[in-house]
Amino acid sequence: MASSSLVVTQPQVFISFRGRDLRNDFVDSLAHEMKNEKLNVFIDEDMVRGKDLHELLVEIEASTVAIVIFSKNYTDSFWCLKELARIKDCVDRGTLMAIPIFYKIETSVVQDLTGDFGDAFRSLKEKHRHDPETEKWVEAIASITRKSGMELQEHSNVKDRIFRKNMIVEVKKSLEYIRNKADQRRRSETIPYIQSEAIQSRQSETIQNIQSEAVQIPEPVVTPQGCTFSAKQLKISKWENAKYWTIVSISESPNEEAIEVGKMRVCYYLDVRGSFGTGNLTPGTMYEVVFVVKIEDTMSIWDRPAIVELMVPEKALQERELQFVDLEKNKWVEIQAGVFDARPHKAVTAFTLYQFDNNKKTGLVVKGAIVRPMV
303 MASSSLVVTQ PQVFISFRGR DLRNDFVDSL AHEMKNEKLN VFIDEDMVRG
353 KDLHELLVEI EASTVAIVIF SKNYTDSFWC LKELARIKDC VDRGTLMAIP
403 IFYKIETSVV QDLTGDFGDA FRSLKEKHRH DPETEKWVEA IASITRKSGM
453 ELQEHSNVKD RIFRKNMIVE VKKSLEYIRN KADQRRRSET IPYIQSEAIQ
503 SRQSETIQNI QSEAVQIPEP VVTPQGCTFS AKQLKISKWE NAKYWTIVSI
553 SESPNEEAIE VGKMRVCYYL DVRGSFGTGN LTPGTMYEVV FVVKIEDTMS
603 IWDRPAIVEL MVPEKALQER ELQFVDLEKN KWVEIQAGVF DARPHKAVTA
653 FTLYQFDNNK KTGLVVKGAI VRPMV
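Quick note, the sequence shown lines up with residues 303 to 677 if you use this note's numbering.
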């Protein structure tokens with residue numbers, strides 16, 4: 303299989319897409335423009351998806367960034383969904399960053415699997431109903447489509463050329479972010495060994511900032527009574543950038559120990575998520591999962607509602623909308639993500655609070671999340 307990799311020493315960008323028309327009219331141009339920007343891009347040159355599927359999956363494993371171009375016909379393809387599942391696996395392992403592109407199809411249609419897009423997905427899943435891998439398709443659609451991405455509406459005034467240019471800007475930002483994180487990790491590993499004690503003293507604050515992200519925050523301990531997530535134990539998009547979020551230590555009464563919360567400074571999308579194993583929960587007991595947040599007076603008007611979800615293996619996705627403006631301000635409030643009954647076997651349950659519309663957002667404080675038996 304021929305590939306369009308440019309320079310093997312550069313981080314690779316994998317493009318997942320469906321359809322010869324999209325290939326000839328959009329993807330080829332995108333790949334050419336990315337090469338002109340000295341980006342190492344991989345696309346399947348042969349278009350024989352089944353023949354070289356293993357090689358495609360290997361290329362995904364070797365990539366640093368994956369662009370997933372969701373179009374109207376994406377879910378017609380067994381191979382596209384296999385690619386998507388592998389991309390999610392790599393993202394979950396922390397070896398790949400995924401950028402979803404909604405090309406002339408509404409984001410909500412893809413996320414909610416509605417219309418012809420959803421019908422094609424269900425038809426293909428039914429056709430392969432005896433393949434356990436199809437459950438990974440469902441999880442991949444739910445996961446990858448919630449990442450920060452870009453949408454080009456079908457009747458948009460934005461030309462494809464301009465949209466591709468903006469895509470390349472986002473890819474460069476992603477590669478730069480990954481590169482900076484890798485540099486920080488290397489610095490955090492080497493600085494304590496090469497600096498003198500005096501230099502370390504003068505630069506202690508810098509070193510602490512570098513090392514703070516390298517320190518592994520312990521996962522919450524799950525017991526039959528559930529567990530509690532601190533803000534740091536949740537995965538909050540852009541958390542590491544003080545421009546968007548800041549960590550604040552607060553004590554709400556003289557007798558209470560101070561806690562650290564996440565305070566949103568300014569963001570353009572919200573994505574807060576967590577997961578836990580159910581092995582130590584009591585089988586047959588109903589549990590609920592709630593986020594604990596505070597709405598400040600300074601909260602901006604969010605154009606779209608936020609979505610809360612609970613993903614329990616072998617169960618339908620639980621999701622609902624909420625408007626932050628409807629919540630009481632300046633006090634901790636609980637937002638239920640969903641409820642579930644604990645099963646005897648071990649499983650991983652995930653919960654998410656998100657809102658994407660690219661408008662500036664302020665005024666949210668995240669305290670954490672709670673998993674507990676229902677009374």
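Every residue gets a Cβ at the ideal spot worked out from N, C-alpha and C, and that includes glycine.
Every value quoted in this text rests on a predicted model; they were computed, and no experiment measured them.
Own chain partners of residue i with C-beta closer than 8 Å, once the 5 adjacent residues on each side are dropped
i: V635; result: V594, V595, K596, I597 and L629
i: N511; result: Caution applies to N511, whose pLDDT of 38 falls short of 50 and renders its modelled position unreliable; the value that the coordinates give is listed next. No residues qualify anywhere along the chain.
Residue i versus the options, residue with shortest Cα-Cα distance
i: R622; options: N632, K633 and I637; result: I637
i: G447; options: T397, I389, R463 and N482; result: Reading off the sequence shown, one finds Thr at residue 447, where the question assumed Gly. Answer by Cα proximity: I389.
i: Q455; options: K427, L666, V614 and T409; result: T409
i: V667; options: V568, L612 and F653; result: V568
i: L359; options: M336, E385 and A560; result: E385
i: Y376; options: N468, N482 and F423; result: F423
i: L398; options: F404, I561 and I362; result: I362
i: Y570; options: P402, S602, E357 and D327; result: S602
i: D327; options: K461, P520 and T436; result: K461
i: D599; options: P402, S450, M566 and K337; result: M566
i: D346; options: M336, G576 and R320; result: R320
i: A652; options: T584, G579 and V550; result: G579
i: N661; options: G396, K617 and L572; result: L572
i: V473; options: D485, N459 and S450; result: S450
i: L612; options: P520, I403 and Y656; result: Y656
Span separating the alpha-carbon of residue i from that of residue j
i: W604; j: D414; result: 21 Å
i: A639; j: Q620; result: 8 Å
i: L383; j: S553; result: 48 Å
i: G417; j: V411; result: 7 Å
i: I672; j: H647; result: 21 Å
i: A649; j: I480; result: 30 Å
i: F642; j: Y589; result: 5 Å
i: R674; j: I538; result: 22 Å
i: F380; j: K438; result: 12 Å
i: I609; j: Y546; result: 20 Å
i: T530; j: E453; result: 36 Å
i: D378; j: E339; result: 32 Å
i: K467; j: S318; result: 18 Å
i: K429; j: K631; result: 49 Å
i: F316; j: V471; result: 16 Å
i: R463; j: M469; result: 10 Å
i: Q535; j: M336; result: 37 Å
i: F626; j: L324; result: 39 Å
i: H457; j: P585; result: 51 Å
i: G528; j: K406; result: 43 Å
i: T591; j: R606; result: Per the sequence shown, the amino acid found at residue 591 is Val instead of Thr. Their backbone Cα atoms lie some 23 Å apart in a straight line.
i: K243; j: Q312; result: Nothing about residue 243 can be reported from this structure: the residues present for the chain run from 303 to 677 only.
i: P615; j: V677; result: 23 Å
Cβ neighbours of residue i in the same chain (closer than 6 Å, five flanking residues each side left out)
i: V393; result: A400
i: T587; result: A644 and P675
i: S551; result: A560 and E562
i: R575; result: K537 and T654
Cβ neighbours of residue i in the same chain (closer than 7 Å, five flanking residues each side left out)
i: I496; result: With a pLDDT of only 40 at I496, under 50, the local geometry of the prediction cannot be trusted, and the value read off the model is given with reservation. Result list for I496: empty, nothing under 7 Å.
i: Q314; result: S307, N342, F344, A364, S365 and T366
i: A533; result: E562, V563, G564, V668, K669 and G670
i: I403; result: I369, V370, I371, F372, G451, M452 and M469
Under the three-state DSSP convention, the category residue i falls into
i: M676; result: coil
i: A516; result: Low confidence applies here, because A516 scores a pLDDT of 38, under 50, leaving its location unreliable; read the following figure in that light. In the structure shown, A516 sits in coil (DSSP, three-state: anything other than H, G, I, E or B).
i: V627; result: helix
i: T416; result: coil
i: E437; result: helix
i: D605; result: coil
i: L619; result: coil
i: A639; result: strand
i: L332; result: helix
i: I470; result: helix
i: D599; result: coil
i: E559; result: coil
i: F380; result: helix
i: A671; result: strand
i: K390; result: helix
i: N511; result: Because the pLDDT at N511 is just 38, under 50, the model does not fix this residue reliably, and the point stays unresolved.
i: Y656; result: strand
Exercise. Counting Cβ pairs closer than 8 Å, one from the region 320-333 and one from the region 365-385, do we hit at least three?
Worked result: By the C-beta criterion, the region 320-333 is judged to be in contact with the region 365-385, since at least 3 inter-stretch pairs fall below 8 Å.
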